[in-house]
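Residue numbers (full-length UniProt numbering): 1 to 316.
Glycine residues also receive a C-beta, built at the ideal position from the N, C-alpha and C atoms.
The model shown is predicted, which means the values in this text are computed figures rather than measured ones.
Okay, structure first, notes after.
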Ligand SMILES: [Zn+2]
């Protein structure tokens, strides 16, 4: 039996002011899988509770990756990733997630190879997560969802002069995504977790230096790639997505610190926990998801994609 109280804060467009309402969901019986699917969608962030205008609209993100429909592309190169911890600058709670921001005035932290023709500079990384361990990731694999997802955001420094320019353009961004699952404490992540209480409220910024995000990348080189969009406004269709096949492990306690952050600023009377900051999934449309690995050479098992099945979604 599940009883649920949802406190929804709706942000008036461009004003930053919030209107608060309370919604009750009926007490009912459910199986874990179907209930998790329904609950996840009921808990959607206010940003996604009304339609958001998307430019173009035929290559939006995130998506569900159907293993059966993804195409092995033997021409895909290995990723070349080089990050310099000295380019790490600060953490910013932007009211939707926390961003770890990097100095992107040089090519010291960059990604190339894989599906990318050019080199792309690291601008920031952030996460999306749920209010519990049953959901939180934006992408899913055969409808299996992870409790959180890391996005490392890079921009094309070969074609464009700054992030703000690249974000609007084709081949402007490359986002490297890594799923998080609950397991062992992640030692590399702990330095960041320890810094998070200092950015609990929206708009807070704290200096954060000497952090190499390489520690958060799984060693397995396998990935999927597809052409998509940003998953937050302006939702521009400028992103080459690279999604690592293997998740990394973090502890429940580490994710609990993510969930202790707030969507709200210190001067707001009603405080709201920063959870469920993921966008609903979008239709695949006329796109192909390519994989750097052959499913026949190393079949993905359900334990590798280990998470909670959410039941059937609409076909994408
Ligand atoms: Zn993201």
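Member of the options whose CA lies at the smallest distance from the CA of residue i
i: residue 108; options: 115, 84 and 131; result: 84
i: residue 161; options: 205, 224, 193 and 121; result: 121
i: residue 197; options: 259, 125, 44 and 173; result: 259
i: residue 274; options: 49, 68 and 131; result: 131
i: residue 106; options: 157, 98 and 141; result: 157
i: residue 87; options: 213, 223, 241 and 239; result: 213
i: residue 188; options: 261, 102 and 251; result: 251
i: residue 281; options: 71, 100, 163 and 143; result: 143
i: residue 221; options: 168, 231, 201 and 176; result: 176
i: residue 102; options: 211, 171, 165 and 254; result: 211
i: residue 100; options: 127, 270, 229 and 110; result: 127
i: residue 67; options: 49, 223, 115 and 159; result: 223
i: residue 261; options: 227, 230, 202 and 286; result: 202
is_contact[residue i, chain E] using C-beta, thresh 7 Å
i: residue 172; result: Among the chains of the structure shown, chain E does not appear; only one protein chain is present.
Rounded C-alpha distance that separates residue i from residue j
i: residue 23; j: residue 263; result: Any reading at residue 23 must be qualified, since the residue scores a pLDDT of 32, below 50, and its modelled position is unreliable; the value itself is stated next. Residue 23 and residue 263: Cα-Cα distance of roughly 18 Å.
i: residue 284; j: residue 73; result: 18 Å
i: residue 113; j: residue 195; result: 32 Å
i: residue 125; j: residue 69; result: 29 Å
i: residue 133; j: residue 146; result: 7 Å
i: residue 44; j: residue 179; result: 19 Å
i: residue 256; j: residue 173; result: 30 Å
i: residue 65; j: residue 141; result: 5 Å
i: residue 193; j: residue 129; result: 14 Å
i: residue 104; j: residue 98; result: 18 Å
i: residue 240; j: residue 110; result: 14 Å
i: residue 269; j: residue 166; result: 38 Å
i: residue 123; j: residue 155; result: 7 Å
i: residue 288; j: residue 243; result: 14 Å
Residues bridged to residue i (per DSSP)
i: residue 110; result: 82 and 121
i: residue 101; result: 90 and 124
i: residue 257; result: Residue 257 pairs with nothing; no bridge assigned.
i: residue 156; result: 120
i: residue 140; result: 64
i: residue 148; result: 129 and 180
i: residue 290; result: 71 and 225
Residue i, buried or exposed, once every other Cβ within 10 Å from all chains shown has been counted against 16
i: residue 117; result: exposed
i: residue 191; result: exposed
i: residue 266; result: exposed
i: residue 277; result: buried
i: residue 225; result: buried
i: residue 254; result: buried
For this session: Would you check if there are 3 or more beta carbon pairs closer than 8 Å linking the stretch 89-101 to the stretch 214-226?
Result: no
Exercise. For the 8 Å Cβ check, are there 3 or more pairs between the stretch 38-53 and the stretch 285-297?
Worked result: no
Problem set entry | Cβ contact (3+ pairs, closer than 8 Å) linking the stretch 247-267 and the stretch 174-186 | Yes: the two stretches touch, three or more of their Cβ pairs being nearer than 8 Å.
Exercise. Counting pairs of beta carbons, one from the stretch 145-154 and one from the stretch 194-207, are three or more of them closer than 8 Å?
Worked result: no
For this session: Evaluate contact between the stretch 228-240 and the stretch 60-74, counting only Cβ atoms and requiring at least three cross-stretch pairs below 8 Å.
Result: yes
Exercise. Quick one: any contact between the stretch 72-88 and the stretch 133-148, if contact means 3 or more CB pairs under 8 Å?
Worked result: By the Cβ rule, the stretch 72-88 does not count as touching the stretch 133-148, because fewer than three pairs are nearer than 8 Å.
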